[in-house]
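Visitor: What follows is a single structure, and I will ask about it in a moment.
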Amino acid sequence: MRGIFLIRSLLRASAVSSSRSITVLPYSSSKRTVRPCLDPPPAYVLPLFLCSSFSTSKLVGLNQSNDDNDDDEEDEEEIDSTIIENNVVSEDVQTISKLLKACGNNRKELREKLEECSVKPSNSLVVEILSLSRNDWETAFTFFLWARKQQRGYIHSVREYHSMISILGKMRKFDTAWTLIDEMRKLSPSLVNSQTLLIMIRKYCAVHDVGKAINTFHAYKRFKLATGIDEFQSLLSALCRYKNVQDAEHLIYCNKETYPFDAKSFNIVLNGWCNVIGSPRQAERVWMEMGNVGVQHDVVSYSCMMSCYSKGGSLNKVLRLFDRMKKERMEPDRKAYNAVVHALAKGGFVAEATSLVKTMEEEKGMEANVVTYNSLIKPLCKGKKTEEAKRVFDEMIEKGIVPTIRTYHAFMRILRTGEEVFEMLGKMRKMGCEATVDTYIMLIRKFCRWRDFDNVAVLWDEMKVRGVGPDLSSYIVMIHGLFLNGKVDEAHGYYKEMKEKGLRANEKAEELIQSWFEGKECADKGVMGLKGDVCGVDKEGVVEDMIQSRYAEKGVKGVKGDVCGVGKEGTVKKAEREGNFLQQPEVRRVVRGHGYSFWDE
1 MRGIFLIRSL
11 LRASAVSSSR
21 SITVLPYSSS
31 KRTVRPCLDP
41 PPAYVLPLFL
51 CSSFSTSKLV
61 GLNQSNDDND
71 DDEEDEEEID
81 STIIENNVVS
91 EDVQTISKLL
101 KACGNNRKEL
111 REKLEECSVK
121 PSNSLVVEIL
131 SLSRNDWETA
141 FTFFLWARKQ
151 QRGYIHSVRE
161 YHSMISILGK
171 MRKFDTAWTL
181 IDEMRKLSPS
191 LVNSQTLLIM
201 IRKYCAVHDV
211 GKAINTFHAY
221 KRFKLATGID
231 EFQSLLSALC
241 RYKNVQDAEH
251 LIYCNKETYP
261 FDAKSFNIVL
271 NGWCNVIGSP
281 RQAERVWMEM
291 GNVGVQHDVV
301 SYSCMMSCYS
311 KGGSLNKVLR
321 LFDRMKKERM
331 EPDRKAYNAV
341 VHALAKGGFV
351 AEATSLVKTM
361 EEEKGMEANV
371 VTYNSLIKPL
381 CKGKKTEEAK
391 RVFDEMIEKG
401 IVPTIRTYHA
411 FMRILRTGEE
421 VFEMLGKMRK
431 MGCEATVDTY
441 IMLIRKFCRW
451 RDFDNVAVLW
461 DEMKVRGVGP
471 DLSSYIVMIH
481 GLFLNGKVDE
491 AHGYYKEMKE
501 KGLRANEKAE
511 ELIQSWFEGK
521 ECADKGVMGL
531 KGDVCGVDKE
541 GVVEDMIQSR
551 YAEKGVKGVK
561 GDVCGVGKEG
571 TVKKAEREGN
581 FLQQPEVRRV
591 VRGHGYSFWD
601 E
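The opening residue of the sequence shown carries number 1 in UniProt numbering; numbering runs sequentially from there.
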């Protein structure tokens, strides 16, 4: 009851009576014991390259999608910000696009066909072709080099160089990317600007190579570029965007003499803990540290904390912070209102959330945007309140607010049939919203759970045709989905295709995939030599070399066709037999149905 009273009182008045107020969280009371998870910040300046050892990249999974982070939607800075997408594709773009698809992976043929074609390169043509082939760096680079050689009045501009550098960095071809940067400097020193090096910093941060990202920041001076507070904060933003938040926080402290503490730098790190990592505990620690070093909390600080608590379902903490902002005469911004709306809707107070949106628009003169409506739609969809979500969606359309891909993702997560999925994709395209690689990944994963592999193939082909993918995450999701459904051969085919494209999974995923297919190869070899014996003994009783080598470490020799490993000297001990058995790869297929998993007999 107290929670409901607090909600309604906040909606009716600008502030709750001080006699009924609750202390803000994170707590500022001296009675609270704060136990920071990190060591106290050093009092001396450390070299920047030493900070790479504090990486939080261990928290990164296979799929690094930030699809759930609506807060970034207002001012989200695209990773490949220099790559454009144009729905009106010219004839030249169509001609080159068909040529690239026809040649496939044959680079020699592609070069010959490009030399023979009559298309004249232009800045818009090059940028659009690079956008279409951004997931195939070799094709993109071959086309880029061909366009550069043409003596038809065309010269690469900064935009084309940035697009190509971004593609190379995404595929971890950093040496080639630096070669292009040196080429830019030789053509004209003014071509290389801070945005050029910032692209490289982001790509290093994306693969969690923090040391090289920091070294690239030092390279600003080599290119005679400024390294002021704005550039330093761009480095912090890049680190936090890709979950290297602890490194970014350490940089603030070990460079406080060069870049004095300020609210924006701390807010970047605070937002990293709140909305990228999603750790309220670490966010509260940074909040307390800001007060300890004399940095005052501003509207952005409050908005970050409220957003963090909102996603964690801590409605009371969100409302307390909202109340505290008003008491301090700090006007909440749209992001703060969106956090409260999301927390209310997630807590089941849909009417109060809708009322707050009206209050924001009518009394505060602050127009609701697409993030505001997404803050309502997402929790409604998760709560299976489909009709209410559709009502909010219709209201958004009536107001002329264009839905984003994240709006449609919320609805796609609750679809139950393939027909519904493709119907939603059709409606989405009619509204002018194209599917992204995250859309296809989500749907491929969904169809794999349904064992609908025909539609999986349709989505995979469509993703290729539209130039959206496949990228590394797409391949990993596809391989996982096929393998877990017993389609090991198909999964192996996609794995080889991924490796041929030069895509490399992270260490854990690579180890997992390799163990899968090594087990399959061992099983195939065993079956080829199997004549009634599990260990693969042929008619003459000759044991497979791979089994001999496996048992040799245990001192077991001359196995005579017993799965337990019986040798010339008699029966092997039970514990050793079990150990040998457990070392064998699992080769039995799993069949899923009605929520259960069965061994395929």
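We treat Cβ as the ideally placed atom computed from N, Cα and C, and that holds for glycine.
Quick check: the Cα distance between Tyr-161 and Phe-517, rounded to an integer number of angstroms?
Guide: 39 Å
Visitor: Rounding to the nearest angstrom, what Cα-Cα distance links Ser-265 and Ile-129 in this structure?
Guide: 37 Å
Visitor: Below 8 Å between beta carbons: does that hold for Val-341 and Leu-356?
Guide: yes
Visitor: Between the C-alpha atoms of Arg-445 and Asp-438, what's the straight-line distance to the nearest angstrom?
Guide: 11 Å
Visitor: Secondary structure at Cys-117, three-state DSSP: helix, strand or coil?
Guide: coil
Visitor: List the whole-angstrom C-beta distance separating Ala-353 from Ala-345, where the pair is believed to meet the contact cut-off of C-beta under 8 Å.
Guide: 4 Å
Visitor: Between Phe-411 and Cys-381, what straight-line distance do the alpha-carbon atoms span, to the nearest angstrom?
Guide: 6 Å
Visitor: Identify whether Asp-438 lies in helix, strand or coil by the three-state DSSP scheme.
Guide: helix
Visitor: Tell me whether Met-200 is buried or exposed, calling it buried when 16 or more other Cβ atoms sit within 10 Å of its Cβ.
Guide: buried
Visitor: Would you mind reading off the limits of the alpha helix (DSSP H) that contains Arg-241?
Guide: Per DSSP, the continuous alpha helix (DSSP H) segment holding Arg-241 begins and ends at 229-241.
Visitor: What does the alpha-carbon distance come out to for the pair Phe-232 and Asp-175?
Guide: 24 Å
Visitor: Report the three-state DSSP secondary structure of Arg-172 (helix, strand or coil).
Guide: coil
Visitor: Considering Cα atoms alone, identify which of Leu-191, Asp-489, Met-305 is closest to Pro-280.
Guide: Met-305
Visitor: Between which two residues does the alpha helix (DSSP H) holding Phe-411 run?
Guide: Here the alpha helix (DSSP H) through Phe-411 covers 405-412.
Visitor: Within its chain, find whatever has a CB closer than 8 Å to the CB of Trp-287; leave out the 5 residues flanking it on each side and keep chain order.
Guide: Here the set comprises Pro-26, Leu-270, His-297, Ser-301, Met-305.
Visitor: To the nearest angstrom, report how far apart His-208 and Glu-362 are at their CA atoms.
Guide: 45 Å
Visitor: Can you list, in chain order, the residues of its chain whose CB lies under 7 Å from that of Ala-219, leaving out five sequence neighbours each side?
Guide: Leu-197
Visitor: Is it buried or exposed for Gly-365, if we count other Cβ within 10 angstroms and need 16 for buried?
Guide: exposed
Visitor: In chain order, which continuous runs of the beta strand (DSSP E) of length 3 or greater are located wholly inside the stretch 466-522?
Guide: For the stretch 466-522, not a single whole beta strand (DSSP E) run of length 3 or above is found.
Visitor: Can you have a look at Ser-237 and say buried or exposed, based on whether 16 or more other CB atoms are within 10 angstroms of its CB?
Guide: buried
Visitor: Take Gln-282 and list the residues in its own chain whose beta-carbon comes closer than 6 Å to its own, dropping the five residues that flank it on each side.
Guide: Closer than 6 Å at the Cβ level, and outside the excluded window around Gln-282, lie Trp-273.
Visitor: Quick check: the Cα distance between Met-184 and Glu-116, rounded to an integer number of angstroms?
Guide: Distance between the alpha carbons of Met-184 and Glu-116: 28 Å.
Visitor: Between Tyr-495, Lys-221, Leu-472, which lies nearest to Phe-483 when the distance is taken from Cα to Cα?
Guide: Tyr-495
Visitor: I believe Lys-311 touches Gly-278 by the beta-carbon criterion, under 8 Å. Please report the beta-carbon distance rounded to the nearest angstrom.
Guide: Their Cβ separation, rounded to whole angstroms, is 7 Å, which keeps Lys-311 and Gly-278 in contact under 8 Å.
Visitor: List the endpoints of the continuous alpha helix (DSSP H) containing Thr-142.
Guide: 137-149
Visitor: Thinking C-alpha only, which one of Ser-118, Leu-125, Gly-519, Lys-170 is nearest His-156?
Guide: With distances taken between Cα atoms, His-156 lies closest to Leu-125.
Visitor: Closest to Phe-144 by CA distance: which of Ser-303, Lys-317, Val-127, Phe-349 is it?
Guide: Val-127
Visitor: Just to confirm before moving on: does the CB-CB distance between Val-370 and Pro-403 stay below 8 Å?
Guide: yes
Visitor: List the endpoints of the continuous alpha helix (DSSP H) containing Gly-348.
Guide: Where Gly-348 is concerned, there is no enclosing alpha helix (DSSP H), given that its DSSP letter is neither H nor E.
Visitor: Can you tell me which of the three DSSP states Cys-103 falls into?
Guide: For Cys-103, the three-state secondary structure derived from DSSP is helix.
Visitor: Could you tell me whether the Cβ atoms of Leu-239 and Ala-213 are closer together than 8 Å?
Guide: yes
Visitor: Between Leu-415 and the rest of its own chain, which residues show a CB-CB distance below 6 Å, the 5 nearest in sequence each way excluded?
Guide: Val-421
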